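According to the UniProt record's numbering, the sequence shown holds residues 1 to 314 in order.
We put the beta carbon where it would ideally sit given N, CA and C, even for glycine.
Predicted, not measured: the structure shown is a model, and the values here were computed from it.
Structure first, commentary second.
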Amino acid sequence: MPVDYEINANKYWNDFYKIHENGFFKDRHWLFTEFPELAPSQNQNDLKDLLSENKASEVPACRSSEDGSGLIIEEQHSCSSVSLGHKTQPPPVEENVTQKLRHLGICADEFPGSSATYRILEVGCGVGNTVFPILQTNNDPRLFVYCCDFSSTAVELVQTNSAYDPSRCFAFVHDLCDEDKSYPVPGDSLDVIILIFVLSAIIPDKMQKAINRLSRLLKPGGMMLLRDYGRYDMAQLRFKKGQCLSENFYVRGDGTRVYFFTQDELDTLFTTAGLEKVQNLVDRRLQVNRGKQLTMYRVWIQCKYRKPLLSSTS
Numbered sequence: 001m002p003v004d005y006e007i008n009a010n011k012y013w014n015d016f017y018k019i020h021e022n023g024f025f026k027d028r029h030w031l032f033t034e035f036p037e038l039a040p041s042q043n044q045n046d047l048k049d050l051l052s053e054n055k056a057s058e059v060p061a062c063r064s065s066e067d068g069s070g071l072i073i074e075e076q077h078s079c080s081s082v083s084l085g086h087k088t089q090p091p092p093v094e095e096n097v098t099q100k101l102r103h104l105g106i107c108a109d110e111f112p113g114s115s116a117t118y119r120i121l122e123v124g125c126g127v128g129n130t131v132f133p134i135l136q137t138n139n140d141p142r143l144f145v146y147c148c149d150f151s152s153t154a155v156e157l158v159q160t161n162s163a164y165d166p167s168r169c170f171a172f173v174h175d176l177c178d179e180d181k182s183y184p185v186p187g188d189s190l191d192v193i194i195l196i197f198v199l200s201a202i203i204p205d206k207m208q209k210a211i212n213r214l215s216r217l218l219k220p221g222g223m224m225l226l227r228d229y230g231r232y233d234m235a236q237l238r239f240k241k242g243q244c245l246s247e248n249f250y251v252r253g254d255g256t257r258v259y260f261f262t263q264d265e266l267d268t269l270f271t272t273a274g275l276e277k278v279q280n281l282v283d284r285r286l287q288v289n290r291g292k293q294l295t296m297y298r299v300w301i302q303c304k305y306r307k308p309l310l311s312s313t314s
C-alpha cells in the first residue's frame, strides 16, 4: 500500500485540486512579515501598511480542514529559535549568468524571465496563494516569479487565474523528486526559492536530492525559505495508527502524505546541500475556536538558508 501512494501521488493531488479548486487555501499575505526577501523593493513601513489592509484575522494557513484551517478565533504565539540573528541583507548583486551555466543546456537569453534582475521560485505553488500576493506586493518590472506544482490541475488553475501575467510569472508542472526532469532556469540564477508546506509532502528518502538540486539553482548569496510541519503538531497527533507509513510520515484520508520535521533534520538537509543557516526556529501556536470549543496546538518550523558567496578566487 505505501508503494501505491508513491506511484499514484500525482493522481491524489490532482483529485484534491479538482475537488477544492481555488477555494481551499487563503492567500498568504503573512509571508512578507516572516520572509521580507519576497518583497525586496518594499521597505518595512510599506509592508506594515500593506499587511494591515490584508491581514484581518489571517494567520499562517494550514494545509487542510483536518489541520485546523478556518477554525481560528484566538491565538497565542511563541517561537523557539536557533537563529543566527542576522539582519536581512539586500538581494545578491545580479551576476553574469552566461558565465555560470553548468548544466541543463539553457542559454542565458533563452529562459523565461531571463531579463529580470530578481527571480523567485516557489516549489509546490498549489493554486497560487503565495504567488499572487508576491506579484501584487511587488510592482518592480524587473522581478520575475516562477512557480511549479506536482499537480497539473493546480498549475492549470494558476494559469487561468485572472491575476496570472505571463510577462511576470511562469507556472509549470514539475515533480520535485524527478532527477531527470530539468527546471526551466539555469544554475546560479535564482535569488529566492520558497517551500511552504511542500517538502513534507514527499517521501523522506527523496528529500535530500530534491534540496540538492534546488540549491544549485540559487545565485551565490541567494536564499532558500521554508515553512513546514514540526514534530508533534496537532495534525500528527490526530493520525490513527493505520495511517503511519513510516516514522513520522503519514497518509491522509485523501491519499496525500505528510512528514513532521525536527529542526535538526531540516538543518541537515540544507547544510548537506551546501547552504548556510540564517534562521531555524520552531513556531508554536495555540489556536482556540470558542464556538466549537476546540483547542489546537500547532507546531511549525521556519527556516532561512543562504548559498555561500563565491570566493574571490573562484
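{"query": "Identified DSSP bridge partners for Thr-295", "result": "Val-288"}
{"query": "Sequence-distant residues of the same chain with beta carbon closer than 8 Å to Glu-276, five excluded per side", "result": "Tyr-305, Arg-306, Lys-307, Pro-308"}
{"query": "Cβ pair count under 8 Å reaching 3, the region 188-208 against the region 118-126", "result": "yes"}
{"query": "Reduced DSSP category for Val-185 - H, G, I as helix; E, B as strand; rest coil", "result": "coil"}
{"query": "Bridge-paired residues (DSSP) for Leu-218", "result": "Leu-190"}
{"query": "Reduced DSSP secondary structure (H/G/I, E/B, other) of Ile-196", "result": "strand"}
{"query": "Buried versus exposed call for Ala-163 [16 or more other C-beta atoms within 10 Å across all chains shown]", "result": "exposed"}
{"query": "DSSP state of Gln-136 mapped onto helix, strand, coil", "result": "helix"}
{"query": "Beta-bridge partners of Gly-230, as assigned by DSSP", "result": "Phe-261"}
{"query": "Closest by C-alpha distance to Tyr-259, when choosing among Glu-110, Leu-245, Met-296", "result": "Leu-245"}
{"query": "Cβ neighbour criterion (16 or more within 10 Å) applied to Thr-137", "result": "buried"}
{"query": "Beta-carbon separation (whole angstroms), residue 355 vs Leu-269, contact threshold 8 Å", "result": "Summary: the structure shown does not reach residue 355, with the chain confined to residues 1 through 314, and so no result is reported for it."}
{"query": "Proximity of Thr-272 and Leu-286 at Cβ, strictly below 8 Å", "result": "no"}
{"query": "Nearest-angstrom Cα separation, counted from Asp-175 out to Phe-150", "result": "5 Å"}
{"query": "Rounded C-alpha distance that separates Ile-73 from Ser-167", "result": "With a pLDDT of only 32 at Ile-73, under the threshold of 50, the placement of this residue in the model should not be trusted, and no figure is reported."}
{"query": "Proximity of Asp-165 and Tyr-118 at Cβ, strictly below 8 Å", "result": "no"}
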